[in-house]
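Chemist:
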Amino acid sequence: MVGLFGFALAVFLHKHYSSSIQPCLLISSLALAFLVLPYIIRTTQIALESLSPDIRLTALALGATKLQNLVYVLLPQSLPGMISGVILAVGRCAEDTAVIMLTGVVVAAGVPKSVFAPYEALPFYIYYISSQYTTPEELMSGYGAALLLLVLCLFLFALAFVIKKRLTYLAFYRP
Numbered sequence: 002m003v004g005l006f007g008f009a010l011a012v013f014l015h016k017h018y019s020s021s022i023q024p025c026l027l028i029s030s031l032a033l034a035f036l037v038l039p040y041i042i043r044t045t046q047i048a049l050e051s052l053s054p055d056i057r058l059t060a061l062a063l064g065a066t067k068l069q070n071l072v073y074v075l076l077p078q079s080l081p082g083m084i085s086g087v088i089l090a091v092g093r094c095a096e097d098t099a100v101i102m103l104t105g106v107v108v109a110a111g112v113p114k115s116v117f118a119p120y121e122a123l124p125f126y127i128y129y130i131s132s133q134y135t136t137p138e139e140l141m142s143g144y145g146a147a148l149l150l151l152v153l154c155l156f157l158f159a160l161a162f163v164i165k166k167r168l169t170y171l172a173f174y175r176p
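So for the sequence shown, the numbering used here puts the first residue at 2; every next one is plus one.
1) Just to confirm, is the Cβ distance from F125 to M141 under 7 Å?
2) Please give the ranges of any beta strand (DSSP E) in the stretch 103 to 171, keeping only runs that are unbroken, at least 3 residues long and fully inside the region.
3) Mapping DSSP to helix, strand and coil, what is Y73?
4) Under the three-state reduction of DSSP, which class applies to T45: helix, strand or coil?
5) What did DSSP end up calling S79 once you bin it into helix, strand or coil?
6) Can you give the Cα-Cα distance for L38 and R93, rounded to whole angstroms?
7) Excluding five sequence neighbours on each side, which residues of the same chain lie with their C-beta closer than 6 Å to the C-beta of V74?
8) Can you grab the Cα-Cα spacing for the pair A32 / A62, in whole Å?
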């Protein structure tokens with residue numbers, strides 16, 4: 002659904018603003034941002050709601066304004082959950098193939114020269130090789146790309162876990 006939204010956005014921009022705008026890296030990025038925005042909002046909401054009422058009321062009781070309470074007390078305490086949500090959202094974007102197939106990925110485009118250029122993404126490369134391979138070497142290349150994507154996502158999830166643990170420790174045990 003989000004891929005169709007991104008494709009419709011590309012067609013709208015092409016038709017109404019500039020004929021040089023076509024499905025590209027920028028449109029794919031906007032569509033992926035639209036895809037993960039609810040996830041980031043929800044993880045931020047959960048991180049803020051998980052704080053105890055005592056933490057919320059302490060700064061206000063000491064005379065801090067609501068903005069000071071938010072900036073200096075609530076956000077630093079909930080930062081581990083918010084950063085973990087953002088890193089997990091990046092992992093979700095790395096795995097998503099449907100959105101990028103409709104919004105700018107092409108076969109053998111290589112590295113894009115600008116944000117308005119078409120590109121080739123790793124999930125699409127895996128999809129293309131797995132469905133169109135002609136030699137065992139091409140299939141092995143697809144397996145290697147799938148393994149690389151798996152390791153990349155595993156690294157992002159582990160990084161989110163480590164950052165959350167580290168920031169949680171620093172939030173409660175500041176020197």
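Where is the CB? At the ideal position from N, CA and C, for every residue including glycine.
Modeler: With the given structure in hand:
1) For this step, residue 125 is matched to residue 124 along the sequence shown. For this step, residue 141 is matched to residue 140 along the sequence shown. No, the Cβ-Cβ distance between F125 and M141 is not below 7 Å.
2) none
3) Reading the sequence shown from its first residue, position 72 is the one you call residue 73. Helix at Y73.
4) Reading the sequence shown from its first residue, position 44 is the one you call residue 45. Helix, per DSSP.
5) As a first step, residue 79 is located in the sequence shown; it is residue number 78 there, counting from the start. Here S79 sits in helix by DSSP.
6) Against the sequence shown, residue 38 aligns to sequence position 37. Against the sequence shown, residue 93 aligns to sequence position 92. Approximately 11 Å, taken between the alpha carbons.
7) Locating residue 74 in the sequence shown gives position 73, where the first residue counts as 1. A60, listed in sequence order.
8) For the purposes of this step, residue 32 is identified with residue 31 of the sequence shown, where counting begins at 1. For the purposes of this step, residue 62 is identified with residue 61 of the sequence shown, where counting begins at 1. Using only the alpha carbons, I get a separation of about 43 Å.
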